[in-house]
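Visitor: Here the protein sequences come in this chain order: A and B.
Okay, so the first sequence: first residue is 1412 according to the working numbering, each after it adds one.
Okay, so the second sequence: first residue is 28 according to the working numbering, each after it adds one.
By construction, the Cβ of each residue, glycine as well, lies at the ideal position given by its N, Cα and C atoms.
Please read all numbers here as calculations on a predicted model, not as lab measurements.
Dropping the structure in here first, questions after.
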Amino acid sequence: MSMMHASSHADTGLASRTTPPDTARLMRWVLLAMLPGIGVMTWHFGIGVLTNIIFSGLLGMGLEALMLRLRKRSIRPVLSDHSALLSGVLLGVSLPPASPWWLIGVGMIAAVVIAKHLYGGLGHNPFNPAMVGYALLLVSFPTQMTLWSPPTGMGEDVFATLRQFMGMMSATELDALSGATPLDAFKHKGEALMASEFWAANPLPPGTLLAWQHVALAWLAGGILLLYKRIISWHIPLAMLGSMLALATLLYAGDPSHHGSPAFHLFTSGAMLGAFFIATDPVSAATSRKGKLIYGAAIGLLVILLRTYGAYPDAVAFSVLLMNLAAPLLDYYSDPRPLGHSAPTRGYQLPPEDRS
Amino acid sequence: MARAFEFPGGIHPPERKTSSTSVPLSAASLPSRVVLPLKQHSGNAALACVEPGQYVRTGECIARRDGMISADVHASISGHVSELTDTQITIEGDGCDEWLLMPVLDWRTTDSRILRERLDESGVVGLGGAGFPTHIKARVRERHALDTLIVNAAECEPYITADDMTLRTFALDVLEGAQLMAHLAGAKRILIGIEDNKPEAIAILSQALSHSIPLPVELKVIATRYPSGGERQLIKKLLDREVPSGGLPADVGVLCHNPGTLLAALQAVRDGTPLVSRILTLTGEALARPANVIARLGTSIGALLQTAGLEEKRLFRLIQGGPMMGAILESLELPVTKATNCLIAATQEELPPSPPEQPCIRCGACEEVCPAALLPQQLHWYARAEQDERLSRYHLFDCIECGACSYVCPSHIPLVEDYRNAKQRIRYQRLETAKAEHARHRFEFRQARLAREEAEKQARREARRNAGRRATPASSPAAGQADLQGLRIAQVAAKAAVKKAEKALARTAQQDPHQDLSDLETQVATARENLEAAEARLASARAETASDTPQTDKGAS
Chain A
1412 MSMMHASSHA
1422 DTGLASRTTP
1432 PDTARLMRWV
1442 LLAMLPGIGV
1452 MTWHFGIGVL
1462 TNIIFSGLLG
1472 MGLEALMLRL
1482 RKRSIRPVLS
1492 DHSALLSGVL
1502 LGVSLPPASP
1512 WWLIGVGMIA
1522 AVVIAKHLYG
1532 GLGHNPFNPA
1542 MVGYALLLVS
1552 FPTQMTLWSP
1562 PTGMGEDVFA
1572 TLRQFMGMMS
1582 ATELDALSGA
1592 TPLDAFKHKG
1602 EALMASEFWA
1612 ANPLPPGTLL
1622 AWQHVALAWL
1632 AGGILLLYKR
1642 IISWHIPLAM
1652 LGSMLALATL
1662 LYAGDPSHHG
1672 SPAFHLFTSG
1682 AMLGAFFIAT
1692 DPVSAATSRK
1702 GKLIYGAAIG
1712 LLVILLRTYG
1722 AYPDAVAFSV
1732 LLMNLAAPLL
1742 DYYSDPRPLG
1752 HSAPTRGYQL
1762 PPEDRS
Chain B
28 MARAFEFPGG
38 IHPPERKTSS
48 TSVPLSAASL
58 PSRVVLPLKQ
68 HSGNAALACV
78 EPGQYVRTGE
88 CIARRDGMIS
98 ADVHASISGH
108 VSELTDTQIT
118 IEGDGCDEWL
128 LMPVLDWRTT
138 DSRILRERLD
148 ESGVVGLGGA
158 GFPTHIKARV
168 RERHALDTLI
178 VNAAECEPYI
188 TADDMTLRTF
198 ALDVLEGAQL
208 MAHLAGAKRI
218 LIGIEDNKPE
228 AIAILSQALS
238 HSIPLPVELK
248 VIATRYPSGG
258 ERQLIKKLLD
268 REVPSGGLPA
278 DVGVLCHNPG
288 TLLAALQAVR
298 DGTPLVSRIL
308 TLTGEALARP
318 ANVIARLGTS
328 IGALLQTAGL
338 EEKRLFRLIQ
348 GGPMMGAILE
358 SLELPVTKAT
368 NCLIAATQEE
378 LPPSPPEQPC
388 IRCGACEEVC
398 PAALLPQQLH
408 WYARAEQDER
418 LSRYHLFDCI
428 ECGACSYVCP
438 SHIPLVEDYR
448 NAKQRIRYQR
458 LETAKAEHAR
468 HRFEFRQARL
478 AREEAEKQAR
488 REARRNAGRR
498 ATPASSPAAG
508 QADLQGLRIA
518 QVAAKAAVKK
528 AEKALARTAQ
538 QDPHQDLSDL
548 ETQVATAREN
558 LEAAEARLAS
568 ARAETASDTP
578 QTDKGAS
């Protein structure tokens, strides 16, 4: 029986950086690492980003408390693990800035109530809760989900943002205020238009591309912090970004006139957020190191394939959910080779000759 | 060192070893009373062979081993047996410490069989904590070809410094003990595996190396990383050999011994002293004077800790063994046993209770540190769900219970406890399913015993009749010869059956120290009965032929 624990000793020295802290501290670190991304997003897209995050975060905790109460579990210790807050913040940054409250509400109910607690709470959810919420909203409310405000910065009308959040803005007003994401615009450029012609026509509000790149770099910075603190392992993000880069390069090299450049795919989309903060959700990911590599790489491939050939502009949510489905299978086929065994075990059961 | 020589995983917990190594090793004062449990080793408890009130001298055998995997227990002080229960023997000392020594042996010139017998009757067991009888390990040569004896001085668990201090104080004796055990095992070389956090012991050992003969000894200093002292991990690290799953170090030609065990083995042979004392670490922040002491077995733990300056108010929990794999002791009244390598009197700040458990988030931290390259989180899942098929698919029984996974788990899940419970449950199920078979084995044992008694009776009858009928002609000398041949074959087969049963028992006992061994012990006993019966029949047949032979000669001439 182990009476020592990595998180409870001051003199752990080397161990303190090489072993993870407890679950709550882990979640706090992830939230902390999101701050640069949130900051840069707010800088470019206005305080609508903050209304999203604050409302979804609070709603996440409220729903978690409610569900715990309904499930007759003690609320305080579970709530203090910050996992519901994290789900909320992740959904908040994924939604278009200043999304209406009901949109966020529907997404958070799907995330916390259905995807998390109906499956048994933290640790038992097969799907990434925030991505379940996001995917549901994307297929149910495609109009609202693709209305990204242009990067007008923080100098915008606070009152308008609040009205937008309250859902009191008419459709025409909304249309005037928002545009499309670069991915969205590029996806719908039409077959006839060459990529070079598309970009030459300045299809996006000024500064959009740059804003998205800044945001992506901020997520990357947060991700590097998580890697440095060993909160997440490098396997999933590296595999995902690596496979995205490889496939995007291949497609771009084959036909640069109709495919986005690798840099476009990596830095003007949700790729960085997805790679470091979403695909790395350990609960719904594959668990072994080898499994994580396959899992990450498959998400990357799916993202590029769905972006190129699918109906929706971005595909991180769908790719992550699809691979969540495959994670148990990966776990059965990616065991390490245990010490003293000549080969790793594969599949559901031991081969008959090994059973004792 | 090359990557090939690395075992997977491992952790770096705080070492906390220095407080108990600042003072030299010393002998604890002679206790006035000792309590000696009959089971201080793995396997069967010993059977008491003294009466209440009987006077015993230090070193006198007070309980005999029962079955093959078991060990003798000796009086650790001289005095009178005051109490005798099913589990322990209490001796009230007379303060004289009157010794009963066995004859001194020189291992270089003594027959191996006598040396093995000496280890057997000295009650020497593995002193690293597991308590596996050393005389069984000394016989491993009968079944395996060995090339290397490893002195496991890694001592990777925090706090424990007993091996470190043993080596600093008795380096030459430990090396000679290693030569003795290597000689018995038929090994060709000796390797010492020691972690680099013991510079003093390393310096003393490297000085002593050149004096160690006849086998070459190599000192291998390895990086400190828990659990490098696990047998399988150490063998991988030193030799890049992997002990097969479910196998023993002997399967890859290696035998591992702890320094304390080697010292005890040497003392049993060279000095004729059975195992009546051991070196142990007294440490923890609730002690004013942490140290290593040589204590008589059976000494009260409470009394021993008092001499080290125990502050009972600050004592939060008492641990026997290390903080990673040891056990919490509920009482200060318990005695020091052969398995007590370390006592930690910890304060609450020092080893705080584990924070409340949270759900597993499958982060995989446990996988990264598992020194057997298992998937602890999957094991946890299926152990809680009691899905035993899955547990065997994830190799539950390859887990060495080192506690590295529990140490790093961010959700504070007592993983090793889960695994132990699951193993216990599965062992119990196996026992239940084997019950019918076990009953059959017991029946076979009874039959074998009756057959042996019958054979012996027959032999005695024959002998008497033979003595009386010297003159009667043999019915058929050829038939007698064929009979003898058949009996000889039967005897050899019975001998092989004993070997086989012993091998199965020794193997199981070493693979899984918690396994119930009574069924295998019965099978060994049955095989032995059969052998004795076969030998009795053979002997009487031989006697008959011998008495017949002169007559046959006469008839021929």
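I want to see whether chain A comes within less than 9 Å of residue 28/B, judged by CB atoms only; does it?
Guide: The count along the second sequence starts at 1 and reaches residue 28/B at position 1. At residue 28/B the pLDDT is 40, less than 50, meaning the model places this residue with poor confidence and gives no usable figure here.
Visitor: Look at residue 47/B and residue 251/B and say whether their C-beta atoms are less than 9 Å apart.
Guide: Sequence index remark: in the second sequence, residue 47/B carries index 20 (1-based). Sequence index remark: in the second sequence, residue 251/B carries index 224 (1-based). Cβ distance not < 9 Å, so residue 47/B and residue 251/B don't count as in contact.
Visitor: In the DSSP output, which residue or residues are listed as bridge partners for residue 382/B?
Guide: Working through the second sequence from its first residue, we reach residue 382/B at position 355. DSSP lists no partner for residue 382/B.
Visitor: Can the beta-carbon of residue 176/B be found closer than 9 Å to that of residue 282/B?
Guide: Counted from its first residue, the second sequence places residue 176/B at position 149. Counted from its first residue, the second sequence places residue 282/B at position 255. Closer than 9 Å, so yes.
Visitor: Just to make sure I have the definition right: I need the residues of chain A whose C-beta is within less than 9 Å of the C-beta of residue 394/B. Which are they?
Guide: By 1-based counting over the second sequence, the position of residue 394/B is 367. Here the neighbours are 1698, 1699, 1700 and 1747.
Visitor: If we ignore side chains and look at the alpha-carbon of each, how far apart do residue 434/B and residue 345/B end up?
Guide: As a position in the second sequence, residue 434/B is number 407, starting the count at 1. As a position in the second sequence, residue 345/B is number 318, starting the count at 1. Approximately 19 Å between the Cα atoms of the pair.
Visitor: By the DSSP assignment, the alpha helix (DSSP H) with residue 222/B in it spans what residues?
Guide: As a first step, residue 222/B must be located in the second sequence, where it is residue number 195. Note, residue 222/B: premise wrong, no alpha helix (DSSP H); beta strand (DSSP E) at 216-222.
Visitor: Give, in chain order, every residue of the region 252-265 of chain B whose Cβ lies closer than 7 Å to some Cβ of chain A.
Guide: Residues passing the 7 Å Cβ filter: 259 and 263.
Visitor: Specify the secondary structure class of residue 46/B as computed by DSSP and reduced to three states.
Guide: If you number the second sequence from 1, residue 46/B lands on position 19. Note: residue 46/B maps to helix in three-state DSSP.
Visitor: Report the residues of the region 338-366 of chain B with a CB closer than 8 Å to any CB of chain A, ordered along the chain.
Guide: Listed by position along the chain: 344, 346, 350, 351, 352, 353, 354 and 355.
Visitor: Which residues of the region 1470-1504 of chain A have a Cβ closer than 9 Å to any Cβ of chain B? Give them in chain order.
Guide: Those would be 1488, 1489, 1492 and 1494, in chain order.
Visitor: Quick check: what's the CA-CA separation for residue 1712/A versus residue 1652/A?
Guide: By one-based count along the first sequence, residue 1712/A stands at place 301. By one-based count along the first sequence, residue 1652/A stands at place 241. Taking the straight line joining both Cα atoms gives about 9 Å.
Visitor: Can you list, in chain order, the stretches of the alpha helix (DSSP H) that have 4 or more residues and sit fully within the region 1605-1633 of chain A?
Guide: Segments of the alpha helix (DSSP H) lying fully in the region 1605-1633 of chain A: 1606-1611.
Visitor: What is the DSSP secondary structure of residue 210/B, reduced to helix, strand or coil?
Guide: As a working note, residue 210/B is residue 183 in the second sequence. Helix.
Visitor: Grab me the residues of residue 1695/A's own chain with a C-beta within less than 7 Å of its C-beta, minus the 5 sequence neighbours each way, in chain order.
Guide: Reading the first sequence from its first residue, position 284 is the one you call residue 1695/A. Contacts found: 1536, 1537, 1538, 1539, 1735 and 1738.
Visitor: Can you tell me which of the three DSSP states residue 173/B falls into?
Guide: By 1-based counting over the second sequence, the position of residue 173/B is 146. Looking at residue 173/B - three-state DSSP - the assignment turns out to be coil, as it is neither helix nor strand.
Visitor: Could you check how far apart the C-beta atoms of residue 253/B and residue 351/B are, in whole angstroms? I think they sit under 8 Å.
Guide: Position 226 of the second sequence holds residue 253/B. Position 324 of the second sequence holds residue 351/B. Right, their Cβ atoms sit about 7 Å apart.
Visitor: Confirm, please, whether the CB-CB distance from residue 1463/A to residue 1509/A is below 9 Å.
Guide: Here residue 1509/A is taken as the residue at index 98 of the first sequence, counted from 1. Here residue 1463/A is taken as the residue at index 52 of the first sequence, counted from 1. Contact: yes.
Visitor: With C-beta atoms as the reference, is residue 1688/A less than 9 Å away from residue 1478/A?
Guide: Residue 1688/A sits at position 277 when you count from the first residue of the first sequence. Residue 1478/A sits at position 67 when you count from the first residue of the first sequence. Not in contact: residue 1688/A and residue 1478/A (Cβ atoms no closer than 9 Å).
Visitor: Along the region 429-450 of chain B, what residues have a CB closer than 9 Å to any CB found in chain A?
Guide: Cβ contacts with chain A come from 429, 430, 431, 432, 433, 434, 435, 436, 437, 438, 439, 441, 442, 443, 444 and 447.
Visitor: Does any residue of chain B bring its CB to less than 9 Å from the CB of residue 1674/A?
Guide: For the purposes of this step, residue 1674/A is identified with residue 263 of the first sequence, where counting begins at 1. Judged by the 9 Å Cβ criterion, residue 1674/A is not in contact with chain B.
Visitor: Could you check which residue in 330/B, 267/B, 204/B and 172/B has the C-alpha nearest to that of residue 277/B?
Guide: For the purposes of this step, residue 277/B is identified with residue 250 of the second sequence, where counting begins at 1. If we check each option's Cα against that of residue 277/B, 172/B comes out closest.
Visitor: Taking 9 Å as the CB-CB limit, is residue 1759/A close to chain B?
Guide: Numbered from its first residue, the first sequence carries residue 1759/A at position 348. Yes, contact with chain B.
Visitor: For the region 269-298 of chain B, list every residue whose C-beta sits within 8 Å of some C-beta in chain A, in sequence order.
Guide: Residues passing the 8 Å Cβ filter: 269, 270, 271, 272, 273 and 274.
Visitor: Among residues of its own chain, excluding the 5 on either side of residue 184/B, which ones have a beta-carbon nearer than 6 Å to its beta-carbon?
Guide: Within the second sequence, numbered from 1, the residue matching residue 184/B stands at position 157. Around residue 184/B: 349 and 351.
Visitor: Are the Cβ atoms of residue 50/B and residue 323/B separated by less than 9 Å?
Guide: The residue you call residue 50/B lines up with position 23 of the second sequence. The residue you call residue 323/B lines up with position 296 of the second sequence. Not a contact, by the Cβ cut-off of 9 Å.
Visitor: So, does the CB of residue 378/B fall closer than 9 Å to a CB anywhere in chain A?
Guide: As a first step, residue 378/B must be located in the second sequence, where it is residue number 351. Chain A, which has a Cβ nearer than 9 Å to the Cβ of residue 378/B, makes this yes.
Visitor: Along the chain, where does the alpha helix (DSSP H) that runs through residue 1774/A open and close?
Guide: Limits of chain A in this structure are 1412 at one end and 1767 at the other, which puts residue 1774/A out of reach.
Visitor: State the Cα-Cα distance for the pair residue 1709/A and residue 1469/A, rounded to the nearest angstrom.
Guide: Here residue 1709/A refers to the residue found at position 298 when the first sequence is read from its first residue. Here residue 1469/A refers to the residue found at position 58 when the first sequence is read from its first residue. Whole-angstrom Cα-Cα distance: 33 Å.
Visitor: Is it the case that the Cβ atoms of residue 1472/A and residue 1499/A are separated by a distance below 9 Å?
Guide: For this step, residue 1472/A is matched to residue 61 along the first sequence. For this step, residue 1499/A is matched to residue 88 along the first sequence. Yes; because the gap between Cβ atoms is below 9 Å, this pair is in contact.
Visitor: Locate the beta strand (DSSP E) running through residue 411/B, then write down its first and last residues.
Guide: The residue given as residue 411/B occupies position 384 in the second sequence. First-last for residue 411/B: 403-411, but that is the alpha helix (DSSP H), not the beta strand (DSSP E).
Visitor: Please state whether DSSP places residue 1727/A in a helix, a strand or coil.
Guide: If you number the first sequence from 1, residue 1727/A lands on position 316. Residue 1727/A: helix per DSSP, three-state reduction.
Visitor: Short check: CB of residue 70/B to CB of residue 129/B, under 9 Å?
Guide: Within the second sequence, the letter at position 43 stands for residue 70/B. Within the second sequence, the letter at position 102 stands for residue 129/B. Not closer than 9 Å, so no.
Visitor: What are the boundary residues of the beta strand (DSSP E) that includes residue 91/B?
Guide: On the second sequence, position 64 is the one that residue 91/B refers to. 88-91 is the extent of the beta strand (DSSP E) around residue 91/B.
Visitor: Got a sec? Which residues, its chain only, sit under 7 Å from residue 1452/A by beta carbon, not counting five neighbours each side?
Guide: The sequence position of residue 1452/A within the first sequence is 41, counting from 1. Excluding residues within five positions, the ones whose Cβ falls inside 7 Å are 1460, 1504 and 1626.
Visitor: Going by the CB atoms, is the gap between residue 1496/A and residue 1577/A shorter than 9 Å?
Guide: Position 166 of the first sequence, counted from the first residue, corresponds to residue 1577/A. Position 85 of the first sequence, counted from the first residue, corresponds to residue 1496/A. Going by C-beta atoms, residue 1577/A is not nearer than 9 Å to residue 1496/A.
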